[in-house]
């Protein structure tokens, strides 16, 4: 082991011009996605030199920083901002440093949903106005400057104002700005990238970096140095911990301990820990062993959550081992030290004893001259030095209370025996106390006026296990501490390789142990979405050191037994991500490990719950997705779980997970603080990325997406999906839209197919509570237009089938009040269920259809509907919704529909007017009547003239919606009697019923002799024009044939064939193409009617 460093005055950690480079960018540079595009090269798996290695990461790092700033500027109108109350130049003056005092921050919660607090490394804009968009910064004649926070402190007077020192991108003329109001606008924090940039330039200890440049076959085998691990064979506490581990865990620890005592070569070991395999416990046991072997170890992780988890587990293991060996005696944790941001670490009572700030605070009290160790030692020394006088005083007090004869033992007490032993012990204690006091006085002399800093450095010097995030470890470069020996990185597969360089350069570090899982979350790369995959995947910037060394062939020690998940939960991840390499531990295979928290197969250990009625939408910030239908289902499940829990009172932890921050915010908003006061019922809502390393009894996974045509790469990431699927102990319930998730070949398609194969696939609308929750959510989300469909959640299982006219949909969209829309939807839902008003007259008279039309009032509008009959497997009545309009427009609609109804047969009208009803809860429920196909119900008077027309109204192979749309398209053409030649020539003649009535604009299109492209919205008469054009061509062809071949009609078909053969009359062939088979049959029918008329007229 190396001695203590003598450099007490190291220079502050240098960013090597990083902020100056950032400040040199213009707004155009920041917005330019191609700024570094041609300078970013692929990062290789192995490197030629240290310079080659470090240089590979520089331009990708700059691009990430640029994209981070660009992304922040896109939402600058939502950014936290504050008004500047004071500004003055700070020392040293030549460095563009300024002291600011600002009011409290506005829009504090706009920053990732958490309250914004100023931190060193923040990049902000100082301006004499509040910019609402990036273009505001590009205007001339307005002052603005980039600034970065150097130091910050909140006022202690309760005013919520903040004092901070900033470095500006340019000199600021304070005299010019003295009468202007200034604003400070937060953009982003670049401290992590600034620290990485420093690590790419700092000289540092290169021993470990030199080792990881090599390929596996270039690594020299370690020499036969003796191993300190042999000393652990007889350590009872360590052996006890080891006995609780499985064979793969023991093998991994043994492999990592071997070779660490070698001074010739660096050793790099990889532990592969899939979900639930006890990775953290294995690591904690390994760290306990390293501490016993007297190594100084730096333990790092990518996030505060991860490093806190490791530290907590090591503390628990130490307490557990100490308790078994020494009982209830106090366990010393002085060898452990955790440092970092308190607010982000959220230190609790369980680990505050090892937290640096808490330890410094406690030691400061201990070293106080009045209340600390010195005062206590002086008091004890005084007692022992003056014990005789103290005793005489004590005896005198006793004599005042008792007579001397009542103390006979005093007479027989002589020096010797017990008295002599007491005297000797007193002398020993006094000497020991004075020795301690002298040592303490010597230490107190070392501590200067800045004793807190000295105490802080003392804590680092005396600790064996130091815990920090990888980025936070940069602070150790500024401290004069004893060199470290080993670097251990937990969740190493989540850490960008360039970030792992920061701790690797610390003095003394020769060996590294990386613990992670490539199949879980990769490192986070913050770049614009169009460029992120190229930089992260193709260039390798998002690759971890763990992944690269694994690719080079470094041995990974696999932990192959999972202790967390029920076998039904672990089945898919094990087969899909780990090729069935993971075994289920005996504890999860026991029958009592399966829990049934809610009744029904849908809520077994594993299920995919298909939610059809949901709709993805952007959150309020427009940057993430949410799905309120899935939020409603989550709340319904939570409510039922809580109700069931109240009966059992067993502890239950529930995790609600989603890939999208927008969904997390929406769920948290609905959840509020309702379940926080229920001890034993814990609900935790986090993103997938925030849940890595966590576990709960029940996990509800909300996938959000419903649109299969949009960008699904984020949710389809195999690593992110793996994390989401492996957080549950007993139950995993996945909420998602089958159609959207299975549209393309990806992991989610495999999940859905696997769930179906295992009979774990369920439709949410089969559950009455869920179906209602989805419907209510859609109403609240104003998804009214989607509900106007026969197959929507409201109507697909209703008593009455409901068909909507396009005119109604358009009128509905024009309604300005959402409240009226909700009332319309509710009324239609009641009508489809069979409800009818008792005392209110709803019949609307038409000339040709008395009592077919009905009107139902909603506020100042009326819903106009009728009863139709469609043909499916039987003839059945349906509810036809024509329009919603004010009362003054009803006569015009009734007149138009009267032209439609007059073509109906009497039998059809009678059948429509027939009613079926039954009593229910004191009222009448009206139900649709139906008839067998043998009834051959004809809708139009003219249908019997066409032998093929019996199938055109509603073909068995065509759906109700298809028939409805065809029928609606034809009926909107307004049947009326038109003269034989009025269309083309305006001449009088014999009248015939044809399905057209054209406007002047339509007439011009019909008469246009060349190719035509007709563009029009729904209901503007496009179909009318096409059909009329077909009929016009047929009529002109017939007239031309008459003129050439004569007009003699041959009623006898055989005779007609012979003459046609002899004379070879030309035949007109027209092609009409449409997506609707029903419409095609309708057109064919009307053209055939015209042909028959032309022949027999």
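Numbering (the numbering used here), first residue to last: 838 to 1934.
Positions of the beta carbon are idealized from the N, C-alpha and C atoms, including for glycine.
All figures in this text were calculated on a predicted structure; none of them were measured in a lab.
Assuming residue i and residue j are in contact, meaning their beta carbons sit under 8 Å apart, how far apart are those beta carbons, in whole angstroms?
| i | j | result |
| --- | --- | --- |
| residue 1561 | residue 1538 | 5 Å |
| residue 983 | residue 1175 | In fact, because the Cβ distance is near 34 Å, the residues do not count as touching under 8 Å. |
| residue 1434 | residue 1461 | Not quite, the Cβ-Cβ distance comes to about 30 Å (not below 8 Å), so this is no contact. |
| residue 1693 | residue 1723 | The Cβ separation is near 14 Å, so there is no contact. |
| residue 1716 | residue 1639 | 5 Å |
| residue 1300 | residue 1173 | 7 Å |
| residue 1450 | residue 1630 | 4 Å |
On the DSSP bridge list, what partners appear for residue i?
| i | result |
| --- | --- |
| residue 1105 | 1349 |
| residue 1769 | Per DSSP, none; premise fails for residue 1769. |
| residue 1381 | 1333 |
| residue 959 | 1026 |
| residue 988 | 1002 |
| residue 936 | 925 and 1002 |
| residue 919 | 1021 |
| residue 1324 | 1135 and 1349 |
| residue 982 | 963 |
| residue 1188 | According to DSSP, residue 1188 bridges with nothing at all. |
Let me know the secondary structure DSSP gives residue i once reduced to three states.
| i | result |
| --- | --- |
| residue 1447 | strand |
| residue 855 | helix |
| residue 1395 | strand |
| residue 1097 | coil |
| residue 1173 | strand |
| residue 1362 | coil |
| residue 1025 | strand |
| residue 1309 | helix |
| residue 1613 | helix |
| residue 1748 | helix |
| residue 1074 | helix |
| residue 1140 | coil |
| residue 1646 | helix |
| residue 969 | coil |
| residue 1600 | strand |
| residue 1430 | helix |
| residue 1134 | strand |
| residue 1763 | strand |
| residue 1903 | coil |
| residue 1888 | Unreliable positioning characterises residue 1888 in this predicted model, as indicated by a pLDDT of 42, which lies under 50. A coordinate reading is not provided. |
| residue 1012 | coil |
| residue 1081 | coil |
| residue 1941 | One cannot answer for residue 1941 here, as it falls past the ends of the chain, which runs 838 to 1934. |
| residue 1872 | helix |
| residue 1895 | Confidence is the limiting factor: at residue 1895 the pLDDT is only 46, short of 50, which leaves the residue's position unreliable, though a coordinate-based value still follows. Of the three classes helix, strand and coil, the one that applies to residue 1895 here is helix, per DSSP. |
| residue 1492 | strand |
With a threshold of 7 Å on Cβ separation, who are the neighbours of residue i within its own chain once the five nearest residues in sequence on each side are excluded?
| i | result |
| --- | --- |
| residue 1576 | 1545 |
| residue 1958 | The question about residue 1958 has no answer here: the residues shown for the chain are numbered 838 through 1934. |
| residue 896 | 873, 876 and 877 |
| residue 899 | 873 |
| residue 1104 | 1059, 1096, 1097 and 1348 |
| residue 1556 | 1356, 1357, 1358 and 1359 |
Residues in its own chain within less than 8 Å of residue i by CB, not counting five upstream and five downstream?
| i | result |
| --- | --- |
| residue 887 | 1043, 1046, 1047 and 1050 |
| residue 965 | 979, 980, 981, 1014, 1017, 1018, 1019 and 1020 |
| residue 1354 | 1109, 1110, 1111, 1112, 1116 and 1330 |
| residue 1675 | 1760 and 1761 |
| residue 1595 | 1405, 1408 and 1443 |
What residues in its chain sit with their C-beta under 6 Å from that of residue i, if we drop five residues either side in the sequence?
| i | result |
| --- | --- |
| residue 1490 | 1519, 1533 and 1534 |
| residue 1600 | 1447 |
| residue 1456 | 1463 and 1499 |
| residue 1308 | 1029 and 1032 |
| residue 1592 | 1445 and 1598 |
Secondary structure, beta strand (DSSP E): runs of 3+ residues fully inside the segment 1495-1579: 1518-1524, 1533-1539 and 1565-1573
Runs of alpha helix (DSSP H) lying entirely within the segment 1649-1705, each at least 4 residues, in chain order: 1655-1669
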